[in-house]
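So the structure is just underneath, and the comments pick up after that.
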Ligand code: SF4
Ligand code: SF4
């Protein structure tokens with residue numbers, strides 16, 4: 475907590491842009507079922523509004539001090555992009571790390587189920603493995619062509635090797651979070667990984683390396699590599715079947731993801747959608763499926 | 030679905046796997062486990078489309094399975110695990 479407060483005052487290198495978006499081609503007024511998915515993660519929160527299973531609008535924000543507040547903010551922000559009143563929502567599903575604290579949710583569903591379902595929607599039915607690297611945990615999920623989970627494994631014992639660790643590190647080096655990937659490749663040769671991805675140890679190790687005359691890029695490369703190795707050791711157990719999709723906040727960090735893909739020997743799929751909203755998409759889709767089954771708010 | 034609960038750390042892999050396609054939610058595992066590792070829930074939180082109860086590993090136990098299961102796992106002459114033995118459908122397995 476103390477570390478967090480200190481960083482708030484400095485220049486905020488870790489801060490990425492919050493955003494909201496509306497699909498101009500969808501008219502909510504003619505929709506039968508309008509469903510809402512809210513994913514409150516440890517680092518970021520998303521809300522997705524779907525009209526009959528199609529993405530109508532979404533928002534992506536930084537998670538605040540508590541889950542109910544973050545869910546509210548993400549919901550207000552997505553509605554801001556639309557002219558739809560909140561009470562038009564037929565069903566709301568909460569997911570993510572803070573899912574039990576989403577006050578407006580009719581039901582909560584795990585990130586495991588939502589990320590698989592969301593990845594299936596975003597990337598298509600060929601996805602068999604979903605790797606979700608979030609702010610606080612790493613999940614490896616296998617799913618079938620319908621996005622139904624067939625096998626999963628989650629590691630949330632330690633924040634090392636997750637999005638939050640990367641933010642702390644970017645801040646330490648004074649490198650903006652969205653430049654981390656590119657900068658980490660600005661090295662003549664790949665340095666050995668730092669010995670620990672544990673945020674506290676890695677910080678002091680990084681300071682030592684900087685003092686030794688390493689460039690910031692080189693230190694960053696060593697940290698990205700260590701994170702990639704740690705994630706790999708976790709997913710190894712489950713096994714990775716193609717096609718592979720990477721979701722969660724770290725999906726945008728090419729410094730870690732490209733190194734990880736090299737180890738796995740696969741290329742992750744591309745999508746026109748932001749992988750960070752996969753969980754909220756899955757949640758909204760489950761809401762839609764539940765409505766169709768007659769389990770929605772309105773009978 | 031193979032639901033793997035647990036973790037990997039420096040000393041090894043500690044996962045309990047529940048095959049939810051085999052599990053019928055009978056609750057035998059809940060009854061025999063001395064450490065209250067399992068609970069049976071009516072809605073599978075990982076599979077919202079499933080109808081019918083299923084066993085899951087309790088949230089607060091997931092990060093300490095190695096220690097919680099210790100009494101059932103002596104290093105020598107390990108007896109069959111109570112949970113694995115009690116499960117008639119063969120849905121439970123342990124990685125260590
Ligand atoms: S004993 Fe086996 S079938 Fe019964 S609830 Fe436990 S895991 Fe499921
Ligand atoms: S090994 Fe023992 S303590 Fe562990 S889950 Fe099975 S019955 Fe419970």
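Residue numbers (our numbering), protein chains in the order written: chain A, 475 to 773; chain B, 30 to 125. Even glycine gets a Cβ: it sits at the ideal position worked out from N, Cα and C.
Remark: the C-beta of residue 56 of chain B is in contact range of ligand 1, defined as less than 8 Å to any heavy atom.
Among the residues of the stretch 605-616 of chain A, none has a Cβ less than 7 Å away from any Cβ of chain B.
Taken in chain order, the members of the stretch 60-86 of chain B whose beta-carbon sits within less than 9 Å of a beta-carbon on chain A are 72, 73, 74, 75, 76, 77, 78. Counting only runs that start and end inside the stretch 530-613 of chain A, the alpha helix (DSSP H) elements of at least 4 residues fall at 541-554, 585-597.
DSSP places residue 719 of chain A within a strand segment (E or B) once states are collapsed to three.
Distance from the CA of residue 740 of chain A to the CA of residue 554 of chain A, rounded to the nearest whole angstrom, comes to 39 Å. Per DSSP, the unbroken beta strand (DSSP E) holding residue 511 of chain A starts and ends at 508-514. Secondary structure at residue 518 of chain A: strand, using DSSP grouped into helix, strand and coil. A residue is called buried once 16 or more other Cβ atoms fall within 10 Å of its Cβ, and residue 96 of chain B, having fewer, is exposed.
Where residue 755 of chain A is concerned, there is no enclosing beta strand (DSSP E), although the alpha helix (DSSP H) around it starts and stops at 752-766. The beta-carbon of residue 32 of chain B is placed less than 9 Å from the nearest beta-carbon of chain A. Contact check between the stretch 589-596 of chain A and the stretch 39-48 of chain B: fewer than three CB pairs, one atom from each, fall below 8 Å, which does not count as touching.
Out of B/33, B/114, B/98, the CA that lies nearest to the CA of residue 75 of chain B is found in B/33. Cβ contact annotation for residue 667 of chain A (same chain, cutoff 7 Å, sequence separation greater than five): 696, 699, 700, 703, in chain order. Where residue 628 of chain A is concerned, the enclosing beta strand (DSSP E) starts and stops at 623-629.
Between the alpha carbons of residue 669 of chain A and residue 725 of chain A lies a distance of about 23 Å. Spatial neighbours of residue 575 of chain A in its own chain (CB-CB distance under 6 Å, excluding positions within 5 residues in sequence) are listed in chain order as 541, 542. Short note on residue 86 of chain B: C-beta not closer than 8 Å to any heavy atom of ligand 1. Between the C-alpha atoms of residue 111 of chain B and residue 52 of chain B there is a straight-line separation of about 16 Å. Our two residues, residue 728 of chain A and residue 59 of chain B, have alpha carbons roughly 44 Å apart in a direct line. Collapsing the DSSP output to three states places residue 698 of chain A in a helix. Less than 9 Å separates the beta-carbon of residue 757 of chain A from that of residue 567 of chain A. By the C-beta density criterion, residue 629 of chain A is buried, having at least 16 other C-beta atoms within 10 angstroms. Taken in chain order, the whole beta strand (DSSP E) runs of length 3 or more contained in the stretch 53-85 of chain B are 67-70.
In this structure, ligand 1 has a non-hydrogen atom nearer than 8 Å to the beta-carbon of residue 116 of chain B. Looking at B/86, B/105, B/70, the one whose alpha-carbon comes closest to that of residue 123 of chain B is B/86. Residue 496 of chain A and residue 530 of chain A do touch by the CB rule: their CB atoms are close to 7 Å apart, below 8 Å.
Of the candidates A/515, A/557, A/584, A/515 places its Cα closest to the Cα of residue 535 of chain A.
As DSSP reads the structure, residue 493 of chain A sits in a beta bridge with A/534. By the CB criterion at 9 Å, residue 712 of chain A and residue 602 of chain A fall outside the cutoff. In the three-state reduction of the DSSP assignment, residue 689 of chain A falls in the coil class.
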